[in-house]
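Read left to right, the sequence shown gives residues 2 to 468 (our numbering).
Cβ coordinates follow ideal geometry from the N, Cα and C atoms, glycine included.
Here's the structure we're looking at; comments come further down.
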Amino acid sequence: MVDQYPLWNDYWEDKKPKLRNITVPMYATASYSTGLHTEGSLRGFQLASSTEKWLRWTTTQEWHDIYQKENIDDLQKFVDKYMKGIDNGWEKTPRIRQSMLGYNRPSVVNRPATEYPPTDFRHETLYLDAATGALTEAQVSEEANSVYQADSSTDEGSFFTHKFHEYTELCGISKVKLFMSTDDHNDMGSQQYCPAAIKHSISYLQDVYVVLRKLDKTGTPLWHQNIPMKDLPPGTQPSDIPNGNVWRYVGPSGRLRASHREVIPEELPNLSTAEYNDLMGPAYVYHPHTSEQKLAKGEIVELEMSLWPGGIVFDAGEAMRLEVKGGQPILPEFEGLERVWRGRLEANIRLRTGPDDTLEFVALKLQQQFIEDSAHDYAGMREIVRGSSTWLKGAEDFGWRMAVQQEEVHNFEFLGKKNRISVFEHDFLPRSRSEIYATPKDVTARPPARNLGSGESDLEDTDAGFG
């Protein structure tokens, strides 16, 4: 449906939760380490019309949290109060229990508050200094540029760091304001701390991603372990922790497509603009996604976006780093999804074919196109291409990934060798067309060519994705 309706319309509006219609008592939990229940939980809690509502922030992964006995008992007390009418004193429970992650130190857990963020927090502004890579409290006087290659899988983006000289807590929604441009395309596809007032030039950008990282006193980026070691199998070592968002939390993140940069007030029933701003805070940015505003070559545009709610504890000497990049800055929910995320370019080459075209036709047409265009590098989907024996000389200069409509197996000559192409092993909805995606060449990221034995594939560590 996103392909069919890329902009917000009546279809998407119909799917949007009517939060103002919620009037029942509410017990809400919010987790930093989830793709669903961070901003979604906060919006649901803040914007619901319920007068009897409670919010508890967790420091562990939400599945781990919900099975802890003390949390089960806590929820049971709420249910007994409002489902059974038991007078158990639940209403004395703090309306908000705030938690903040320590990463390399103990976390703050269940600190009582009456509103979010708590009243003792203040909104601060830091400025990006592209010349020094710093986040500064004073506005930068000299204009500077920071450039990164958004379509590269190895370019980590632009970094801006702020060191804390005393114990500091970051809490709530953050906002970042960037001034960006692209010389190569027509799209670029906080924090309490951040609106930036400096031009930030980006080479070839479609989507902009940002994340706040905690650095220790040596400048090493940290991650928060979402499930305590005591609750993992005996003998588990930190190196055994899977590299996924369920297990490791990096930091609060945000993302925006440059052509969707329009910002407007969100209008909700029975809620004034002042009341909305009071609930969501000054750092919350609402993008309607109802139109595209393409960029002119070299045009500098203002991008303003919110980061998801965060809660981080910093000791004196530790630092916060804002990272601006062209790809997802957080870990995937499950290992392997990062291969899909890597295919993030609007510059993908699409070869469209009819629903009756065969795999042989599609693959050979793509082979011809790649041979003629040396600007493309390897990419692949190991779920599709299997059994490649050896690559011909020069074939390492290009590669491919493809998603096709037909669910069948073919054996045919591709790249001069007999190859077995296995299309989707699982059931997928029919496609109206076949699509081919190519990834622009990144010479620094290309692995050296190697000869493979029979039955091996050189696509094990490359991109995976479906058209």
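Residue i vs residue j beta-carbon contact at 8 Å
i: VAL209; j: ARG256; result: yes
i: ASP66; j: SER32; result: yes
i: LEU308; j: SER175; result: yes
i: GLY173; j: GLY282; result: yes
i: GLN294; j: ARG322; result: no
i: PRO26; j: GLU63; result: no
i: ARG98; j: ARG44; result: no
i: GLY327; j: ALA151; result: yes
i: VAL264; j: GLU305; result: yes
i: ASP217; j: GLU319; result: yes
i: TYR117; j: PHE79; result: no
i: LEU136; j: PHE161; result: yes
i: ILE228; j: THR39; result: no
i: VAL314; j: SER108; result: yes
i: THR291; j: TRP9; result: yes
i: ALA317; j: TYR83; result: no
i: VAL177; j: PRO330; result: no
i: PRO266; j: TYR285; result: no
i: LEU223; j: ASN105; result: yes
i: THR115; j: ARG96; result: yes
i: SER42; j: THR30; result: yes
i: LEU296; j: LEU48; result: no
i: SER182; j: VAL3; result: no
i: GLU276; j: GLY36; result: no
i: ASP184; j: LYS17; result: no
Residues near residue i by beta carbon distance below 7 Å, same chain, minus five either side
i: LEU332; result: ASN244, GLY245, ASN246, ARG249 and VAL251
i: ASP81; result: ILE87 and ASN89
i: GLU138; result: LEU127
i: ASN72; result: ASP66
Host alpha helix (DSSP H) of residue i (start-end)
i: MET84; result: 70-84
i: LEU48; result: 40-48
i: THR274; result: 274-281
i: TRP64; result: 63-67
Strand pairing of residue i, partner residues [DSSP]
i: PHE160; result: GLU324
i: ASP130; result: ALA135
i: TYR210; result: ARG256 and LYS326
i: PRO113; result: ARG98
i: GLU1; result: Nothing about residue 1 can be read from this structure; the chain reaches only from 2 to 468.
i: TYR104; result: Paired residue(s): none; TYR104 is not in a bridge.
i: HIS288; result: According to DSSP, which records beta bridges pairwise, HIS288 is partnered with nothing at all.
i: LYS295; result: DSSP, once it has assigned bridges, lists no residue as partnering LYS295.
i: VAL177; result: MET306
i: TYR250; result: HIS225
i: LEU269; result: LEU272
Boundaries (first-last residue) of the beta strand (DSSP E) holding residue i
i: TYR12; result: No beta strand (DSSP E) holds TYR12; the alpha helix (DSSP H) holding it covers 11-16.
i: TRP55; result: 54-59
i: PRO310; result: 302-315
i: LYS218; result: Where LYS218 is concerned, there is no enclosing beta strand (DSSP E), given that its DSSP letter is neither H nor E.
i: SER142; result: Where SER142 is concerned, there is no enclosing beta strand (DSSP E), given that its DSSP letter is neither H nor E.
i: TYR28; result: 27-32
Cβ neighbours of residue i in the same chain (closer than 8 Å, five flanking residues each side left out)
i: ILE199; result: Low local confidence applies: a pLDDT of 29 at ILE199 is under 50, so the model's placement there is unreliable, and no value is given.
i: GLN77; result: none
i: ASN271; result: ARG21 and SER50
i: GLY134; result: SER147, SER159, PHE160, PHE161 and THR162
i: GLU336; result: PRO243, ASN244 and GLY245
Neighbourhood of residue i by C-beta distance below 6 Å, restricted to the same chain and skipping five residues each side
i: LEU122; result: Reading off the sequence shown, one finds Phe at residue 122, where the question assumed Leu. Taken in chain order, the residues that qualify are CYS172.
i: SER159; result: SER147, TYR149 and VAL325
i: LYS215; result: TYR104, LEU223 and ILE313
i: TYR6; result: TYR12
i: ARG112; result: GLN99
Q. Is the segment 273-291 touching the segment 228-241 in the sense that three or more CB pairs, one from each, lie closer than 8 Å?
A. no
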